[in-house]
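S.K.: Here my numbering = 1-based position in the sequence shown + 26.
Just so it is clear, CB atoms sit at the ideal spot from N, CA and C, and this is done for glycine as well.
I'd like to ask some things about the structure below.
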Amino acid sequence: MTSELIKQKINESFQPEIIEIIDDSAAHAGHAGARQGGGHYNVTIVAAAFEGKSLVQRHQLIYQALGDLMKTEIHALGINALTPSENL
C-alpha cells in the first residue's frame, strides 16, 4: 500500500516525532492522474531535520526521500512540514 511506503520512506529519512498521512485518492476518482494509478495524499511531518530549512527546502527534502514514488505511485502530495518548535 502506498501510504505505508510513504510512511516507511519518511521515517527512514527524517525520524519524525509525528507523521500523519491522509489518502485522498478516492475523492479524485476519474481524475487523469488517478486513472494512471497515482494517488492523492496529504502528509504532516514534524521533524528536527527541518530546523533552519525554508519551506521550499523542506519540500525538496521530502520529494527526494520519496524518490520514484513521486513518479509512479503519487500523483499529488500536500505537505505540511514542521519543526518540533513550530508544532507547539
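Within 10 angstroms of its Cβ, does Ser51 collect 16 or more other Cβ (buried), or is it exposed?
M.R.: As a first step, residue 51 must be located in the sequence shown, where it is residue number 25. Buried, because 16 or more other Cβ atoms sit within 10 Å of the Cβ of Ser51.
S.K.: Return the first residue and the last residue of the beta strand (DSSP E) that Thr70 is part of.
M.R.: As a working note, residue 70 is residue 44 in the sequence shown. Element bounds for Thr70: Gly65 to Val72.
S.K.: What is the DSSP secondary structure of Glu46, reduced to helix, strand or coil?
M.R.: On the sequence shown, position 20 is the one that residue 46 refers to. For Glu46, the three-state secondary structure derived from DSSP is strand.
S.K.: Can you tell me whether Gly104 is helix, strand or coil according to DSSP?
M.R.: For the purposes of this step, residue 104 is taken as residue 78 along the sequence shown, with counting starting at 1. Correct three-state label for Gly104: strand.
S.K.: Rounded to whole angstroms, what's the CA-CA distance from Ile88 to Ile36? Just pull it up for me.
M.R.: Position 62 of the sequence shown, counting from 1, holds the residue named residue 88. Position 10 of the sequence shown, counting from 1, holds the residue named residue 36. When rounded, the distance between both Cα atoms is 7 Å.
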